[in-house]
Structure formats: structure tokens, C-alpha cells
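Residue numbers (the working numbering): 720 to 1055.
Down below is the structure, laid out as C-alpha cells.
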């Protein structure tokens, strides 16, 4: 089937597009190729995708309503995987308008395109950041998430609310995926594993926030993509047992669903660094720092719903995933 993947030149979008192409789908990839991080890695990802006959790339900005309207009208997508967004918690502290343009206006344009062309299913990226000030672990989609602590998190929470409105008003099936710290080959250069690897190989110190006591539910990209593709095929239906008095945030009387997608096994930051040191064969010089604004001390995904509904089973240990990332990094950047 013909599927639109937004953010196709991005980390998760690239891998998701590859998996869909490998199983025989036709993929139209949309991206604006912005310079939030080095666009050369985005170009390399697109070069690989372009080797598939059933892939076409469209350069456009999500906030360009005319371009999005024309694209949906011309292509008649059957399903949409919306992974394009302005990412990054810390960047949102100093550049909030970029998040309003991409994550709010852009998401509205995606919703309108799906409505106008009767898309069967919209799957979109939310984030573990929506849990914000929540402290009850593991994080569950059945908890309310009303206290985001960054603009980025607030826009992702807003996306979930906007999606529900469209599901309710227009019976449009939508599924939100709250991603938990995705890593692996072709990863984002602004993420910790990438930053640490580059610095350690260059003999430079790394900043270790919260004195290394941070915990993250690091999830390997292959496990993530397996879950995303399974969800694409699982069109949500209205929940006939949904109770408006004791409302479950993860479901609705509309065709709407939310899932966590993570490893369900938090790893302490210091252990990640130790694992990376072993894979690189080098020691890290660590500068211990306090926790940054907008950050949370730990993330931990309850994925029971995703396991039950689509058979999601993350299976890549952090040691294996980090080794695969390092092998890719050395090959891509030509480091000995």
C-alpha cells in the first residue's frame, strides 16, 4: 500500500521507511532537511532509501499548509506514519517557536490532510517526555500526563489531544506512540550516545548530567521499528467499554489509541558509558554536572498494552545495541 512517512530523512523515519519498503509497501518520504543537526547524515539516509524503486522523496515543510494539501490530494495515501517534528528537549528551551511551527501547525496540517483524503490510519510520534513531572514508575499510558516540563513535551501532549479531537469529530483512526530514548545505527547526532562516542574517540571530556544517576529506557532502533510497523497494521476501533466518568487516557469511544514503545528495562547513564567504553576500547573523561532544566531523572516504559495488542517484544540488550552503533559509527565516519 502507499504510505506517507514524514521525517523520512530522520533517524526513526529512515529505518521505518526501510522496513516498509522491504515488506513491499510504496513509501513517499517527506522531510524539510533542516539544519537542526548535520544535514549530511540526512542526505546519506535518503541516498540509501532512494535505492528502492518504490521510494520517492518530497522536500517540504510540515508548516506549509498549501504544500501538504497538494501532496495529500495528489497521492491518496492509504496510511500515514508521522515521524517528522522538531525534536530535542533542550533546544526547545531557547527556540520554542520552532516547536510551534513544526509540532503544532505541522501536525494540524497532517490531520487535515488525513481527513480530506480519508486516510485509513494515522500513526504519529509522541514522546516519553509527556510524562514530565510524573514519578510513578513504570510510566503507563493509563496515567494522566498533565504536567509537562518542557515546551517540546507540551507540543507532544498537544498532538495527542489534537489527534483525539479528529478521531472523535471525524471517526478518523489515530494511534500515538510515546517513544522512549531510541538509539542505534544512523542515530541522531544530538543524542547522548552519539555525543559521547564522538568525544571519547576525539579524546575530549563528556558532560555527565545528574552525576550519572539518570536512568533511561534505551530502546534499540530495530525493536522500535518492529513495533511501529505492527501498529501501522493495527487500526484502532472505538472502545465500547470506555467510561467517561473514569476516563482511561489511552483509549476512547472514538477510534483512538496511545501506546508506550520502549525497552521496559531502564539503564543507568553510568552503565551506558561503561558499555560504550568497552565497545570503543577507550576510557571516557567525565565531567559530572547537575541535571539540566527540562530533564527528568528516569524514564521507564510500561509496554503491556503494546505487547498484548501487536505482540511487541523488544529483544536487543544494551550491550549488543551499543556495539552495533559503534561498529556503524566507525564505518560511517572512517574512524580506526
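The beta carbon of each residue, even a glycine, is placed where N, CA and C say it ideally should be.
No experiment lies behind these values; they were computed from the predicted model shown.
Can you grab the Cα-Cα spacing for the pair residue 775 / residue 864, in whole Å?
Note on geometry: alpha-carbon atoms of residue 775 and residue 864 lie some 37 angstroms from one another.
On the DSSP letters alone, give me the boundaries of the alpha helix (DSSP H) that residue 840 sits inside.
Boundaries for residue 840: no alpha helix (DSSP H) harbours it, while the beta strand (DSSP E) harbouring it runs 840-846, taken from the DSSP string.
Collapsed DSSP secondary structure at residue 725 in the structure displayed:
If DSSP states are grouped into helix, strand and coil, residue 725 belongs with the strands.
Taking all protein chains shown into account, do 16 or more other C-beta atoms lie within 10 angstroms of the C-beta of residue 1010, making it buried, or fewer, making it exposed?
Counting Cβ neighbours within 10 Å, residue 1010 comes out exposed, since fewer than 16 surround it.
Taking the continuous alpha helix (DSSP H) assigned at residue 928, which residues delimit it?
For residue 928, there is no enclosing alpha helix (DSSP H); the residue is found in the beta strand (DSSP E) stretching over 925-928.
Straight-line gap, residue 835 to residue 768 (C-alpha atoms, nearest Å):
Here the alpha carbons of residue 768 and residue 835 stand approximately 28 angstroms from one another.
Which first and last residues belong to the alpha helix (DSSP H) in which residue 994 is found?
Annotation: the continuous alpha helix (DSSP H) that includes residue 994 extends over 988-999.
Nearest-angstrom Cα separation, counted from residue 971 out to residue 964
Rounded to the nearest angstrom, the two C-alpha atoms are 12 angstroms apart.
Would you call the CB atoms of residue 860 and residue 945 closer than 9 angstroms?
Not in contact: residue 860 and residue 945 (Cβ atoms no closer than 9 angstroms).
Beta-carbon separation (whole angstroms), residue 1018 vs residue 899, contact threshold 8 angstroms
For a cut-off of 8 angstroms, the C-beta gap from residue 1018 to residue 899 is around 6 angstroms, short enough to register as a contact.
Rounded to whole angstroms, how far is the Cβ of residue 931 from the Cβ of residue 989, which I believe are closer than 8 angstroms?
The pair is a contact, with the Cβ atoms about 4 angstroms apart (cut-off 8 angstroms).
Excluding the five sequence neighbours on either side, which residues of its own chain have a C-beta within less than 7 angstroms of the C-beta of residue 881, listed in chain order?
Cβ within range, chain order: 826, 827, 830.
Which term fits residue 1052, buried or exposed, when burial requires 16 or more other beta carbons within 10 angstroms of its beta carbon?
With fewer than 16 other Cβ atoms inside 10 Å of its own Cβ, residue 1052 counts as exposed.
Please report how far the alpha carbon of residue 896 lies from the alpha carbon of residue 842, in whole angstroms.
About 7 angstroms.
Excluding sequence positions up to five away, which residues of its chain have a Cβ less than 6 angstroms from the Cβ of residue 847?
Sequence-distant Cβ neighbours of residue 847 in its own chain, meaning closer than 6 angstroms and more than five residues away, are 897, 899, 1018.
Simplified DSSP state of residue 979, which is helix, strand or coil
Assigned with DSSP and collapsed to three states, residue 979 falls in strand.
Please classify residue 855: does DSSP put it in a helix, a strand, or coil?
The three-state reading of DSSP puts residue 855 in coil, since its state is none of H, G, I, E or B.
Buried or exposed (CB count within 10 angstroms, at least 16 for buried), residue 936:
Flag for residue 936 reads buried.
Along the chain, which unbroken stretches of the alpha helix (DSSP H) at least 4 residues long are found entirely within the segment 788-829?
Annotation note: the segment 788-829 contains the following uninterrupted alpha helix (DSSP H) runs of length 4 or greater, listed N- to C-terminal: 810-813, 815-818.
Residue 886 versus residue 955 - alpha carbon distance
Those two C-alpha atoms are separated by around 10 angstroms.
Where do the ends of the alpha helix (DSSP H) carrying residue 864 lie?
In the DSSP assignment, residue 864 falls outside any alpha helix (DSSP H), carrying neither H nor E.
Chain-order list of residues whose beta-carbon lies under 7 angstroms from that of residue 1002 (same chain, five-residue window excluded)
So the qualifying residues of the chain are 996.
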